[in-house]
Each structure stands twice: as structure tokens, then as C-alpha cells.
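A.B. asks: Residue numbers (our numbering): 180 to 409. Where is the CB? At the ideal position from N, CA and C, for every residue including glycine. As the structure is a prediction and not an experimental result, all values here were calculated from the model. The structure under discussion is supplied below as C-alpha cells; questions concerning it will follow.
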């Protein structure tokens, strides 16, 4: 009888330990990210370069590039090689960060909402995080961010849009859970597809799309650029 009670006690204790182990939270690593950034033309070239980016622990969203972003910006040009946009990327434990300086003669023209926000002034982001995450940021004073992949608004972002003498600035941080993850662990040392599109609505209601990688982009996300988390 004592032996039976002892065995039951061991099984009960083992169950408690197992339950506790299941609740252990793995701390978020602090990896170095390498991002493929510039491509001359819309600045794309066959010999792709990777630029190393270290995470920025403290990011202040105020519409001003005052963070110590240790990389060159992603550059998007028009057919005349004039710069349309400079976009700085970084990240920390809270999510992906970007600051976009966009040149636009008629800025912040966008009365669209939800999945139609790319029919006006906006930025589209494509990240191949296992599946393609297609994110849009509406470039108007009243902010709106849309996730086409999940068919929902971006949750708990921190975003500021400001008009400038040459166009507008968007500064935003998008939390990781909008990409259905809370940790970068599974993405380390993998090449992840990546692209950016600047949508410009002109005064005569035409839409011009400036693509970082000048290929047709759909939900399969052709191989344009790469992000590598180390």
C-alpha cells in the first residue's frame, strides 16, 4: 500500500513539474539583422548586397529620425532616377520599425479605408514570415494601418504621419503579434522575402506605384529582397 501511495505521489509531482515547464517563457533574443536594402534603378541589381542592422533598444515615435539607425536607407527612385522615398528600418523586442521620407507634390491624398487604402497615398510592405504578410500604411493625418493577410487593422501600432515641404514622413512601429509571432527565434538565419511599394495618388486621381523591386508582386511574393535575422 505504501509503495502504491509513493508511486502516485511521484506521478503527481511529475505532472506538476511538466505543467510548470509548459509555462516557461523563452526570452526574446537580441539578434543582428541583415537587410537587403538598395537596388539602383528602383534600385534593384542582380548582385544583391546585404546591409547589417543592429537592433535599436529605444525607439521614440515622434516623426523625426533621431534614432541611431546604423544602416543606409532603402531608396526608391522614379524613371528619371529622382529619389521618391528614403526608408529607414530597424527593430527591437516590440516590433518592426520604419521611418519613411517620401517626396510627393500632392501629399496625403487618400480617402480610402481598410483593404482599399493602397488606392491612395500609402506605403505597402511585404514580409515573407513563413507566409506573406502584406501590410499597408495610409499616408494621411488620420492614421490607418491594414493587414491584408489577416484581413484586419494593425493592432497596437505606434504611428505618426507628418506633412513636409516636399511630401510627408511616416514613422511607425508595428508589434510582432501582427505577424502572428511573439518572438524572432524561428526566423533566425533564414532568407525572408521582402518588398516595399510607395503609392502616389496624383491630383488627377491617377495612382503611380513605385516599387523597390520592380516586378509584379502578388501574394506569392516574388524574390525581390531579403531580410536575414542572425
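1) Give the C-beta separation of residue 264 and residue 377 to the nearest angstrom, bearing in mind that I take them to be a contact with Cβ-Cβ under 8 Å.
2) Can residue 322 and residue 302 be called in contact, C-beta distance under 7 Å?
3) How would you call residue 289, buried or exposed, if buried means at least 16 neighbouring beta carbons within 10 angstroms?
4) Going by beta-carbon coordinates alone, are residue 334 and residue 351 separated by less than 7 Å?
5) Helix, strand or coil, according to DSSP, for residue 244 in the structure here?
6) Nearest CA to the CA of residue 309: which residue from 359, 280 and 281?
7) Taking residue 330 as the reference, give the member of 345, 314, 274 and 257 with the closest Cα.
8) Let me make sure I understand the geometry here. Which of 253, 294 and 276 has the alpha-carbon closest to that of residue 435?
9) Give the single residue among 372, 345 and 365 whose Cα lies nearest to the Cα of residue 261.
10) Ordered along the chain, which non-local residues of its own chain (more than five positions away) have a Cβ less than 7 Å from that of residue 304?
11) Could you have a look at residue 365 and say whether DSSP puts it in helix, strand or coil?
12) Taking the straight line between their C-alpha atoms, what separation do you get for residue 247 and residue 318?
13) In its own chain, which residues sit with a C-beta less than 7 Å from the C-beta of residue 381, not counting the 5 before and 5 after it?
14) If you draw a straight line from the C-alpha of residue 312 to the C-alpha of residue 274, how long is it?
15) Please give me, in chain order, every unbroken run of the alpha helix (DSSP H) with length at least 4 that falls completely inside the region 254–319.
16) If residue 271 sits next to residue 238, beta carbons under 8 Å apart, how far is it from one beta carbon to the other, in whole angstroms?
17) Does the beta-carbon distance from residue 293 to residue 327 come in below 7 Å?
C.D. replies: Taking the geometry as given:
1) 5 Å
2) no
3) buried
4) no
5) coil
6) 359
7) 314
8) This structure does not reach residue 435, given that the chain is present from 180 up to 409, and the question cannot be answered.
9) 345
10) 314 and 375
11) helix
12) 24 Å
13) 285 and 387
14) 14 Å
15) none
16) 6 Å
17) no
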